[in-house]
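Engineer:
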Amino acid sequence: MKCRFCGKENDNSYVFCVYCGKRLEAEEAIITLAKESELTQVQGQVKSETKISGEPETVAVTNEPGELAMSEQGVAVSEATTKEEERKEKKGKLKIAAILLGLVVGGAGIGVGAFYLTQNTGNQAKTYEESYDPNTVFGVNFIQWESGNYGDVYTQKIGEEKKKLGEGFDLDSFIVSPKTGDIVYLDEDDRLQYAKLGEKPKVISEDSSYYYFEETSRFIIFIENTSSGDQNTYIYDTEKDTKELLVEGWSEAVYYDASTDDFYYIDNDKKFYKLVNRTEKNRIATDVVGFNILDSDYYFLATNDFYNPTCYLYRETKDGIEKEKLNHNAVDIWNAFYIKESQAVLFNASEDLDDVKQIYIKLPGQEEVQLVDKVKECTYSEDANKVYYLNTEDELYSIDVPEINKKALADRTYFEKVIDDCEVNKLLGDVVNYSVSPNGKSVVARDINDDLYLLREDEKEKIDSSVMFEEAFNEHVYYMTSEGELFIQEGVNIEKLEALPEAILITDQLGEDYSISEFGRYITYLTEETVDVKEKVSLMRYDTKKGKEVILEDINVYDAFVINDLEYEHKMSYEELVGYYACEELETLIKIEEDGEFIAYTDGERLSSVYPKYNSYGRYSLDATLVDDSYLANFFGDEITFNKLEDDTFTITVGAGYVYPLENISEDDFNQKLEEQARVAEERQAAEAERIRREALESTAEGYYNYGAFIPANTYIYTTYDYSTQTTLYTNKDKTWPVTNYHIDYDTSVIWVEISYTYQGNNDYGWLPIQQ
54 MKCRFCGKEN
64 DNSYVFCVYC
74 GKRLEAEEAI
84 ITLAKESELT
94 QVQGQVKSET
104 KISGEPETVA
114 VTNEPGELAM
124 SEQGVAVSEA
134 TTKEEERKEK
144 KGKLKIAAIL
154 LGLVVGGAGI
164 GVGAFYLTQN
174 TGNQAKTYEE
184 SYDPNTVFGV
194 NFIQWESGNY
204 GDVYTQKIGE
214 EKKKLGEGFD
224 LDSFIVSPKT
234 GDIVYLDEDD
244 RLQYAKLGEK
254 PKVISEDSSY
264 YYFEETSRFI
274 IFIENTSSGD
284 QNTYIYDTEK
294 DTKELLVEGW
304 SEAVYYDAST
314 DDFYYIDNDK
324 KFYKLVNRTE
334 KNRIATDVVG
344 FNILDSDYYF
354 LATNDFYNPT
364 CYLYRETKDG
374 IEKEKLNHNA
384 VDIWNAFYIK
394 ESQAVLFNAS
404 EDLDDVKQIY
414 IKLPGQEEVQ
424 LVDKVKECTY
434 SEDANKVYYL
444 NTEDELYSID
454 VPEINKKALA
464 DRTYFEKVID
474 DCEVNKLLGD
484 VVNYSVSPNG
494 KSVVARDIND
504 DLYLLREDEK
514 EKIDSSVMFE
524 EAFNEHVYYM
534 TSEGELFIQE
544 GVNIEKLEAL
554 PEAILITDQL
564 GEDYSISEFG
574 RYITYLTEET
584 VDVKEKVSLM
594 RYDTKKGKEV
604 ILEDINVYDA
614 FVINDLEYEH
624 KMSYEELVGY
634 YACEELETLI
644 KIEEDGEFIA
654 YTDGERLSSV
664 YPKYNSYGRY
674 SLDATLVDDS
684 YLANFFGDEI
694 TFNKLEDDTF
704 TITVGAGYVY
714 PLENISEDDF
724 NQKLEEQARV
734 AEERQAAEAE
744 RIRREALEST
754 AEGYYNYGAF
764 IPANTYIYTT
774 YDYSTQTTLY
784 TNKDKTWPVT
794 NYHIDYDTSV
804 IWVEISYTYQ
814 GNNDYGWLPI
824 QQ
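Quick note: the sequence shown, position 158, residue 211 per this note's numbering, numbers continuous.
#1: For the 8 Å Cβ check, are there 3 or more pairs between the stretch 223-243 and the stretch 261-276?
#2: Give me, in chain order, the residues of the same chain whose beta-carbon lies closer than 7 Å to that of Ala766; leave out the 5 immediate sequence neighbours on both sides.
#3: For my contact list, Ile414 and Glu421 are in at a C-beta cut-off of 8 Å; report their separation, rounded to the angstrom.
#4: By DSSP's criteria, Ala402 is part of a beta bridge. Which residues make up the other side?
#5: Which same chain residues, not among the five before or five after Ile643, have their C-beta less than 6 Å away from its C-beta?
#6: Strictly by DSSP, which residues pair up with His529?
#7: Does DSSP put Ser184 in a helix, a strand or coil?
#8: Out of curiosity, what's the CA-to-CA distance linking Tyr776 and Thr801?
#9: Hey, quick one: how far does the alpha helix (DSSP H) through Asn724 stretch, first residue to last?
#10: Give me whichever residues DSSP pairs with Leu245 in a beta bridge.
#11: For Leu449, is the classification buried or exposed, using 16 other Cβ atoms within 10 angstroms of its Cβ as the cut-off for buried?
#12: Exposed or buried, what is Asp283 when buried is set at 16 or more other beta-carbons lying within 10 Å of its beta-carbon?
#13: CB-CB under 7 Å to Glu138, same chain, minus the five flanking residues each way: which ones, in chain order?
#14: How far does the beta strand (DSSP E) with Phe353 in it reach, from first residue to last?
#15: Tell me the DSSP secondary structure of Arg509 in three-state form.
#16: With the cut-off set at 9 Å, would you say Val24 and Tyr757 are in Cβ contact?
#17: Under 8 Å: do the stretch 545-557 and the stretch 569-582 share three or more Cβ pairs, one atom per stretch?
#18: Under a three-way DSSP split, which group does Asp290 fall into?
#19: Assuming Tyr578 and Leu563 form a contact by the criterion Cβ under 8 Å, report the distance between their Cβ atoms to the nearest whole angstrom.
#20: What is the C-beta distance between Tyr352 and Ile337, in whole angstroms, given that I count them as a contact (C-beta under 8 Å)?
#21: What does a CB cutoff of less than 6 Å around Thr706 pick up in its chain, not counting 5 residues either side in sequence?
#22: Look up Ile211 in the DSSP assignment and say whether it is helix, strand or coil.
#23: How far does the beta strand (DSSP E) with Ile472 in it extend, from its first residue to its last?
#24: With DSSP collapsed to three states, give me the class of Pro572.
#25: In three-state DSSP terms, what is Ser777?
#26: From Leu505 to Glu538, what distance separates their C-alpha atoms?
#27: Just to check my reading of the structure: Thr339 and Lys323 have Cβ atoms closer than 8 Å, yes? What is that Cβ distance to the nearest angstrom?
#28: Please check the pair Tyr627 and Leu660, which I expect to be a contact at CB under 8 Å, by giving their CB distance rounded to whole angstroms.
#29: If we ignore side chains and look at the alpha-carbon of each, how far apart do Ile236 and Asn609 end up?
#30: Give the DSSP bridge partners of Leu299, in chain order.
#31: Could you check what DSSP says for Val610 in three-state terms: helix, strand or coil?
#32: Determine the burial state of Phe763: buried for a count of at least 16 other Cβ atoms within 10 Å of its Cβ, exposed for fewer.
#33: Based on DSSP bridge pairs, tell me the residues matched to Tyr713.
#34: On a CA-only basis, which of Gly690, Lys429, Leu675, Asp596 is nearest Val631? Give me that one, please.
#35: Does the Cβ-Cβ distance between Asp648 and Tyr664 come in under 9 Å?
#36: With DSSP as the reference, label Glu421 as helix, strand or coil.
Here it is in structure tokens:
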């Protein structure tokens, strides 16, 4: 599994990335764009088109690139599915798309898609204050499990009692805004509901299937389904509580520029629009598969072919649109940056669609110049105007982005000389992972020995060893060790690194998940401790200004909750199964001990026992792998699944998906059933023995009939198969007699055979007994 944070490959069984310590998720969103080798410049007038209305749009196309399609890795494509299937698939995709990456994922019935990333670095002043205090838990207690995780939703601030907000909350279909803490979700009736932090939700769409917060979180972009089966794209203004049609049809990507109140989007036909002041719609280009808004009048567009897109830089001028085609393949427009002061664009690309990149810098009207080669990972800091990069030799470098005189932009020789004079500094070798603070002044890196260093251009200071995760912020660094310890290292801006204060231990009982606020003031995390032989999990947070705070003493008060982008679902554990069970359909009794031992009984006897490997993926399902026990594996299969139903009863899934009900019973009932099992088994065994005995008698009698029966001399002959009919006649010698008929006395195990004999010249028939 590839980590979406650092891009390194991990074993599929890992929960956290061994390189950067972040939680692993299966869904990825990594974009590479393909090559083109021509530089062009076209001018023309951007056409002003119709305002948004309910009527279909008809427009003229000018200054647009040729045919294009979506980037294969930049889009999720799906066929039409049921709404329930959409919901189940949506959780990971939406969270990555809308919260982390700004990547729009295609939805049901849509065969194309797009991505976008925005910077607007020239328009917005940088601030590093948290946009909100993530002090409120959204908790859910399920009321329906089997057909969707629906439940009642609550809100609970730190130190306060919980308050019920609403019903029908779908845990698989919600998004939390990283800017405000607000949530939007689909309820069980496919209604889209929005709730401000700590407030009751309101319905903003009666039938929706796809939705997300745009980057500022002021607007919710969503698809509304009509009764005729159409899907239209709407925006909901969370500040004004208004809903507005953006475009008829499914819009592939939407971005809002708060500095200009403009919207940018790709429609269902892959046409790229700018909606000026939310009223005047201008079409910029067609066949667009992705865009990066560098500035209010400067765009990075991906166009052309599905597997081989072409990348353009588009600039709006008073005379029209200028566009330039890049000269390199596999351009990553997703990680492109615009330096407004010098009008330079930084981007990376790879020559053969591999993981090795080159960093380029481009000025208007000039071909891009390579800044760095053989790059694995790179980070640009706008405040520090530096590029930090890890090369193919695992060496971490920083490079100062040159300041370029605007008056000399057209001078290629000057441009190349400025690039050649860039200052490059090696910071550390054998680096596994690194993190740069938002302002670019603090850099930490972890080497192959898991030692963590704070780095400057001319010095380094070791912070700790056995580190698994680290993240740098402007005033401090968070890191986690392999022993489950969470630390904060303060004083990272100290003048001399050798005077760095000792790191502060936040907890030595770090659980499986954590979440850090946007600029690092808050870290929310789970702690695990054993109390009275049982595991207790608490929800905590650390505030750099207030210290440690308890949010939930015991997280099990909710089946699931969300806070500060930390999601938790109370997974089913074997402790919930401890007890006695009867599975009538399998004629099996099951006992699960407090230490997790799984014991099965059949026919009143212990079949076998094992300590399974338990693994839960949700509140209502627990897998038990029957390791090292061939008897139980032959009976149940290698893995069984316990399923918890809404009425707190259980089923068990065995073999090829066969589901059987489990009856939870008392110990006395278990023992009685065990005795009854033994009695029934004894009767069954006796019946089986009787069947075998009778079959043996019948087989022997049939053999006599076919091949004759040996009768010793002096055996009396009977007139019928009854000892009371004995005659005075008897056989005079040992002989195998032909048998004309037989009768079996099952009670005495005697086979009577009928023979033909001659006495005093008369032929007659008689019966002879053969005791078995």
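Cβ coordinates follow ideal geometry from the N, Cα and C atoms, glycine included.
Structural biologist: With the structure as the only source:
#1: yes
#2: Thr784, Asn785, Lys786, Asp787
#3: 7 Å
#4: Val384, Gln411
#5: Tyr634, Ala653
#6: Glu543
#7: coil
#8: 12 Å
#9: 720-760
#10: Leu239, Ser258
#11: buried
#12: exposed
#13: The predicted model places Glu138 with a pLDDT of 42, which falls under 50 and marks its position as unreliable, so this point remains unresolved.
#14: 351-357
#15: coil
#16: Because the chain in this structure spans residues 54 to 825, residue 24 falls outside the shown range and cannot be described.
#17: no
#18: strand
#19: 6 Å
#20: 7 Å
#21: Thr694, Val712
#22: coil
#23: Ile472 -> not in any beta strand (DSSP E); alpha helix (DSSP H) instead, spanning 465-473.
#24: One detail in the question is off: residue 572 reads as Phe in this sequence, not Pro. Phe572 falls in the coil class under three-state DSSP.
#25: helix
#26: 14 Å
#27: 7 Å
#28: With 8 Å as the limit, Tyr627 and Leu660 do not qualify as a contact, their Cβ atoms being about 19 Å apart.
#29: 22 Å
#30: None; Leu299 has no bridge partner.
#31: helix
#32: exposed
#33: Ile705
#34: Leu675
#35: yes
#36: coil
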